[in-house]
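In this text, residue positions in the sequence shown follow the working numbering: the first is 43, and each later residue adds one. C-beta: ideal position from N, C-alpha, C; glycine also. Accompanying notes for the structure given below.
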Amino acid sequence: MTAVRPASAGTLTYETLLARARGGELGPHPAGLRVAVAFTTRQAVRHDGRGTGYRNEVLGLRVGAAVGSCAVEPGATADGVVEECAGAEVERLLDHPLEPVRVAALDAYLMHVAPHTPAHGARPVRVPAGTSLEKSRARARAVVGLLHLPPGATVLVVGVVNSLLEALRARRLAYVPCDFKGGVTEWGEAVAGDALAGAHRCDALLVSGMTLGNGTFEPLRRHALEHGKQLVMFAQSGSAVLPRLLGHGVSAVCAEPYPFFWLDGGPSTLHLYQGGVR
């Protein structure tokens, strides 16, 4: 099992990263940058051959060539929020009262400053063209490949995606599925609602970036750091934010900026990070 750096006085958190961005410590001052386009992307999914489906909604903010994203609960983003964000200074949105807006603004800012390229520590992985299920499975294999665990280990999965569970099963890894929505997995397994409680009985954590937007990320990061567990993030939300936390509780990131694999049947790219970000 890969060791995770112990906690130290210099440990970064999401909030300290946000504060540094507000102060212009990570690049150009955000007061000088504006959001050109704000939008939401909504989807409902039911793959052929699968008995269950799900819905997603993602807030997107464009700064220059970069799009920052944060998942929200379906129907939670009022049209007024999108209109408010369009044309706004990034500095103001980093202080917005809604957490998903702050996450999307930070994500756009950091991707503008340091896009997903090998020069910034990313390893690109191509997802071949295919059906929605084929692409979902290809992504899942890339994400699960970031875990360094022996067969029989148990993984907490926060943000249940059946393709990820399928890939863990193929690796002979046990898992504890967790999601706010509850319910059951494709295999009839109960989905827990309390991620932190489940983390204590798991060897590693596989966590969606949408935890940034609903306030559940930091407790999981601290748990991983304090207990020396791997924390692998699969990130459409905050894809440029989470690589900054490598070595500060996060051990690896599968970063997937907008447009996401499910928006198109053609090839798409994932960006894998392990170790520090330059």
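Can you round the beta-carbon distance between residue i and residue j to whole angstroms, since I take them to be within the 8 Å contact cut?
| i | j | result |
| --- | --- | --- |
| residue 189 | residue 237 | That belief does not hold up - the Cβ atoms of residue 189 and residue 237 are roughly 17 Å apart, past 8 Å. |
| residue 68 | residue 152 | 7 Å |
| residue 112 | residue 254 | 7 Å |
| residue 168 | residue 309 | 6 Å |
| residue 196 | residue 244 | 5 Å |
Output the boundary residues of the beta strand (DSSP E) element that contains residue i.
| i | result |
| --- | --- |
| residue 294 | 294-297 |
| residue 168 | 165-169 |
| residue 244 | Taken as a continuous stretch (DSSP letters only), residue 244 belongs to no beta strand (DSSP E), as it is neither H nor E. |
| residue 313 | 310-316 |
| residue 283 | From DSSP, residue 283 is part of no beta strand (DSSP E); its letter is neither H nor E. |
| residue 217 | 216-220 |
Please state whether DSSP places residue i in a helix, a strand or coil.
| i | result |
| --- | --- |
| residue 77 | coil |
| residue 188 | coil |
| residue 227 | coil |
| residue 263 | helix |
| residue 56 | helix |
| residue 276 | strand |
| residue 116 | coil |
| residue 48 | The predicted position of residue 48 is uncertain, since its pLDDT is 38 and thus under 50; a value taken from the coordinates is nonetheless stated next. Correct three-state label for residue 48: coil. |
| residue 68 | coil |
| residue 158 | coil |
| residue 175 | helix |
| residue 180 | helix |
| residue 305 | helix |
Run through the DSSP bridge pairs and tell me what residue i is partnered with.
| i | result |
| --- | --- |
| residue 131 | 76 |
| residue 83 | 100 |
| residue 110 | 103 |
Could you spell out the range, first to last residue, of the alpha helix (DSSP H) harbouring residue i?
| i | result |
| --- | --- |
| residue 150 | 141-155 |
| residue 240 | 237-241 |
| residue 254 | 253-256 |
| residue 209 | 204-212 |
Taking its Cβ as the centre, do 16 or more other Cβ atoms sit within 10 Å of residue i, making it buried, or is it exposed?
| i | result |
| --- | --- |
| residue 133 | buried |
| residue 305 | exposed |
| residue 258 | buried |
| residue 97 | exposed |
| residue 263 | buried |
| residue 129 | exposed |
| residue 269 | exposed |
| residue 119 | buried |
| residue 223 | exposed |
| residue 125 | exposed |
| residue 145 | buried |
| residue 37 | Since the first and last residues shown for the chain are 43 and 320, residue 37 lies out of range. |
Verify the CB distance criterion: does residue i have a CB-CB separation below 8 Å to chain D?
| i | result |
| --- | --- |
| residue 61 | Looking at the structure shown, chain D is missing, and only one protein chain is on hand. |
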